[in-house]
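Chains as they are written, first to last, in my numbering: chain A, 45 to 603; chain B, 16 to 427.
In this text, a Cβ means the ideal position worked out from N, Cα and C, and glycines have one as well.
Owing to the predicted nature of the structure, the values given are computational and were not obtained by experimental measurement.
Notes follow once the structure below has been shown.
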C-alpha cells in the first residue's frame, strides 16, 4: 500500500511546535521548523514541516561552498538549523496492537470481559441487568425491580409495554444523576432478573464471541500495561450475528415506523436479501468499540486504533460486508461518521443506528491513507449533514449558484431560479454512484428513486448536488446533455421553477403514473422516451435536450 | 480628522507656496554643485530636503507648511488605480496590494482562501514559490504539498510545471481535499508553457480547485497579446503580480486580479479588516495612477519597445562576451516560451568557471547586479529602456568580469 501521507507538509504545526538547533550535517530525517533559501534568488528549499533529506543537506552544503548566501542556516554557530524537538506525545504513552481474535490468550479474553463489565458499570448504563422474559432489553441499575416484576406479569401487552417503558424511563433519568455502587456484583435482584455485570457470565459471553474469526485491537498504557480501550471486529454468518449481536429489531428501510422486526428473524433475513442480496448463511463482519479512558477518546487516538486494525485485516476479510450497531454519540460516533459509503439501514430499540457498508474495505480502509484525510472526511460529513438539513441537498461545485430549493405545494421540493438564467447555462450535474440495472433491485428505494439512466443498462445515483431536486415537467425549461448535465434550454426568468422532462434520459420500464406538472400539454403519465409523441420527440431532439445515449439511439433508428 | 477641501480646484497661492518651498532647496543645491562640488554630504541633505518637501506636499502630512493638496484625494484614488489595473491586465476585478505581491499572497492564503474553501484542507504549491507563499501556508494553517518541478541539470534550471505532475499529486490525495494550486508563472528564469497552464486550469476547475498564479515577474504580460500567452481567465482564478518589478508603479505596490466575484468580495473584506493599512501613503498611489494612465494610453509603448529590443540585442551578442557562452532557450528546458527580458546565460561549456563567482565580480567590481546565479548559469534581467543605450557597456562589463573570473581560476 502506497503511503501518500509523507507528501503532506503541515507548516503551521512545525512553526508552532517546540524546536531545537542542531548542525545541518545531523539534520537528516528531522523535521524543519524554519525556511532555508539560497540567495539569489531566495526561493525556499526547506520550509517548516519538511523532512531534511541527505540530498537536500548535500545540495545546501555545496551551494554554500560555491559562494551562495544561505539564509536560514546560522553560519556563526557551526551551521545549525532549527528542527522540531522530539518529545513524548500523547500517542507515545499508549501501545496499540491488533490481534487475530482466535489467537488471543485466555488471560486477554478474561481481561476484555472484565473491561466490558467495567464499562457497563462505570456509568448509568442500560446494560446493568435484564429480565429473562426479555433478554434483549437492558435495564439500568436504578430500576424499581419490584414494580418491574409486577409489570412482567401483566397480561395486556399494551399495558405491559406502557408500564415497563415508564419504569425504564424513570430509572434512566435517575441513573443519569447517580453513580452506581462499587459493589454491583453483591446486589441481590428479584427472581427472574440477571446481572449483565455478572463476572462469570460476562467472561463466558466474551469467550464465546472470541471463538468467531475476527480481530481485536487492544489499547494499553505503555508502562502499566493497563487496558484502556478496545476495538473488536467479528465475522460470522448473518444468522449467527443476528442472534448474538442484539440486532433483532431494526426497521430496515421501513416506510412505517411501527414495522418492528423484533422476534421476526425471517423478515430480517428477507430484507437483507432484498436490499443487499445477502443470505442468512453469508458471511458478514461487525465491529464494536469500547473506549473508557478519557485520555484516548477523541478522533486523533481513535484514528490510530482503527488504522491499526485496518492494516491487520486480511484482504479477503476486508471484502466482507459490514453491519454494526454504532451509537450516534461518543467515540462510537467517530467510527459511525468515518464509515464512508454506509447506509443507516435500521434503528434499534435503544435508538442506536444499525449501519451497513457493502464492503468493509470501502469504509474502513480510507483511514489507512492519511489521518488528515480521515479528519477531513469527518468534518465534511458533519458539514454535509448540516447543509442537507438547511437546503435539502449537498451542494457541488457544478451546481448553479443562483437557484433556491423551495417547497412547491403538493409537488414537494422544487428548484427555482433566483436570478435570470440565460439559455445554455449549466444548472446541475448528476454526480454519484453508478450501477447496472441487474443490481438495481437489491438497492434501497432511495437510490432507485434518485437515479437517472445513462446507458441501456447503466444508471447513476445522483445523490450529490442539486440535480436530483429538479422536478419533472412535460413542458420543461431545462434539458439534459452529456448524459448527466442539466442545462437551461431557454432563458429562465428569476422566480421561475427549473424543470426537465424525465423522459429525456429514460428508456427503462420505469413509470410515474400521475404527473402533477400542470403544464397545458401534460401527458398525465410519465414513462420513457419511446412513450413520447413523435412531435415531442422531434422537438426535444432538435433542441438537443435529450441524453446523449438516447439521442444517438434515435439517430441510428432514423438512419 | 481631515480638513475639508474643495475638490478639483487648485488655488494660485498653493502653486506659489509650492514653488517657493521647492525653489529654495533647489537653489541651494545648485549653489553647492557650483561652489562646493566635493561637499557631497551637504548636497545629499539638500536632496533629502527636496524629497521631504515633495512628500509633504503630496501626502498632506501633519508637518505641511500651510499649503493644501493640489487636487482632491477624497474620491478614492485607490479605486482609480484599481480600475486602471483591471483595464491593463484584462480582469473583471483588480486591486492594489500595498504590501507588494508578497502581501497579496499572504492576504489571499490567510484571509480569503480559508473562507472560500472552508471544506478543503490542502494546498498544492509550486516548487518555485516565494517565501511569502510559505508564510501564507503557515499562517493560514494549511496543509500543503510541494509540487516538484523537473530540473535541467546542465543549465541548473527548472522545467515548467506539467499537467500530468499536477494531476498525479491531486488524484493520489483526492481532489476534493485541495482548495488551491499555487503556480509561479513564468518561472524565476522566465520560462513557461501556456498550453500546460491551460490544461491545469481546466482540470482544476472541473474539480472545484482554485488556481492562484504568482506572476510577480509577469507585470508586462499586457505587452504580449500577439504571442501565445493565454488570457488570465484561461489559466487561473487569481493572478498576482508586482508592477513595480518592471517600474510600472512605485515599489511595494502589488496587484491582484480575478474574475471571481466572491474572491473579490472576500479580498475587500480582508483589506477592510486590516490587511490594508488605514494610513495609506497617497504619494505612491498618485504616482501609480499617473504612470498607469500613461501606460494604458500607450505613452510608454516606445519605452517598452526599447527595453525589449535591448534585451534581445544582449542575448544576440552574448558570444561577444565569450564564444562558449550560450543563452538557455525555451526548448532547452522543455518550455514553450520565455520572457525576452530574462536572459539566462549558460556557462556550462566553459570548463572550470563558476558562474556564482562571475556574478560576485560583476556586482563587486562593475556594480552590475544579477538576479540569480548557480554554478553554471547566470540570470540577467534587462527590463529597462536605459539598457538600449548601455548594450555596449553591459557587454563590456560581462566580458571583463568573465576575464577576471577566469584569471582568478588560473591563478588558483
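Can you check DSSP and say which residues form a bridge with residue i?
i: residue 254 of chain B; result: B:228 and B:272
i: residue 259 of chain A; result: A:144 and A:277
i: residue 333 of chain A; result: A:275
i: residue 515 of chain A; result: A:543
i: residue 110 of chain B; result: B:271
i: residue 76 of chain A; result: A:127
If you follow the beta strand (DSSP E) that residue i is in, where does it begin and where does it stop?
i: residue 473 of chain A; result: 470 to 473
i: residue 193 of chain B; result: 193 to 199
i: residue 458 of chain A; result: 457 to 461
i: residue 110 of chain A; result: Residue 110 of chain A -> no beta strand (DSSP E), and no H or E assigned at all.
According to DSSP, is residue i part of a helix, a strand, or is it coil?
i: residue 386 of chain B; result: coil
i: residue 195 of chain A; result: helix
i: residue 322 of chain B; result: helix
i: residue 508 of chain A; result: strand
i: residue 132 of chain A; result: At residue 132 of chain A, the pLDDT of 46 sits below 50, so the modelled position is not reliable; the number obtained from the coordinates is stated separately. Note: residue 132 of chain A maps to coil in three-state DSSP.
i: residue 353 of chain B; result: strand
i: residue 238 of chain A; result: strand
i: residue 124 of chain A; result: strand
i: residue 341 of chain B; result: strand
i: residue 265 of chain A; result: strand
i: residue 604 of chain A; result: Only positions 45 to 603 of chain A appear in this structure, which leaves residue 604 of chain A out of reach.
i: residue 135 of chain B; result: coil
i: residue 367 of chain B; result: coil
i: residue 476 of chain A; result: strand
i: residue 207 of chain B; result: strand
i: residue 174 of chain B; result: coil
i: residue 300 of chain A; result: Interpretation of residue 300 of chain A is limited by its pLDDT of 42, a score under 50 that renders its predicted location unreliable; no figure is taken from the coordinates.
i: residue 139 of chain A; result: strand
i: residue 559 of chain A; result: coil
i: residue 213 of chain B; result: helix
i: residue 523 of chain A; result: strand
i: residue 86 of chain B; result: The pLDDT assigned to residue 86 of chain B is 43, lower than 50, so where the model puts this residue is not dependable, and the model offers no usable value.
i: residue 412 of chain B; result: helix
i: residue 347 of chain A; result: helix
i: residue 167 of chain A; result: Because residue 167 of chain A sits at a pLDDT of 45, beneath the cut-off of 50, its placement in the model cannot be relied upon, and the point is left open.
Identify which residue in the options has its Cα closest to the Cα of residue i.
i: residue 437 of chain A; options: A:473, A:124, A:232 and A:453; result: A:473
i: residue 559 of chain A; options: A:595, A:516, A:582 and A:56; result: A:516
i: residue 356 of chain B; options: B:193, B:122, B:265 and B:319; result: B:319
i: residue 569 of chain A; options: A:518, A:590, A:533 and A:524; result: A:518
i: residue 109 of chain A; options: B:263, B:343 and B:389; result: B:389
i: residue 618 of chain A; options: A:112, A:594 and A:504; result: Coverage of chain A is limited to positions 45 through 603, which leaves residue 618 of chain A absent and any answer about it impossible.
i: residue 225 of chain B; options: B:238, B:185 and B:309; result: B:185
i: residue 164 of chain B; options: B:207, B:154 and B:152; result: B:207
i: residue 103 of chain B; options: B:247, B:325 and B:297; result: B:247
i: residue 276 of chain A; options: A:270, A:264, A:253 and A:191; result: A:253
Against residue i, what residues of chain A qualify as contacts under a CB-to-CB distance less than 7 Å, listed in chain order?
i: residue 161 of chain B; result: 53
i: residue 347 of chain B; result: What residue 347 of chain B touches in chain A: nothing, since even the nearest Cβ is about 19 Å away.
i: residue 145 of chain B; result: 87
Along the chain, where does the alpha helix (DSSP H) that runs through residue i open and close?
i: residue 157 of chain B; result: Note, residue 157 of chain B: premise wrong, no alpha helix (DSSP H); not H, not E.
i: residue 372 of chain B; result: 370 to 381
i: residue 362 of chain A; result: 359 to 362
i: residue 96 of chain B; result: 92 to 104
i: residue 184 of chain B; result: 178 to 188
i: residue 115 of chain B; result: 115 to 122
When you measure from the CB of residue i to every non-hydrogen atom of the ligand ZN, does any distance come out below 7 Å?
i: residue 164 of chain B; result: Because no ligand of any kind appears in the structure shown, any question about the ligand ZN cannot be addressed here.
List the residues of chain B whose Cβ lies closer than 7 Å to the Cβ of residue i, in chain order.
i: residue 112 of chain A; result: 371
i: residue 441 of chain A; result: 223
i: residue 91 of chain A; result: 149
i: residue 59 of chain A; result: 153
Could you list which residues in chain A have their beta carbon closer than 9 Å to that of residue i, in chain order?
i: residue 47 of chain B; result: Correct list: empty, because the minimum Cβ distance to chain A is about 37 Å.
i: residue 375 of chain B; result: 111
i: residue 180 of chain B; result: Within 9 Å Cβ-Cβ: nothing; residue 180 of chain B doesn't reach chain A, min ~12 Å.
What residues of chain B sit near residue i, judged by a beta carbon separation below 9 Å?
i: residue 56 of chain A; result: 152, 153, 154, 155, 156, 157 and 158
i: residue 65 of chain A; result: Residues of chain B passing the Cβ test: none, with the nearest at roughly 19 Å.
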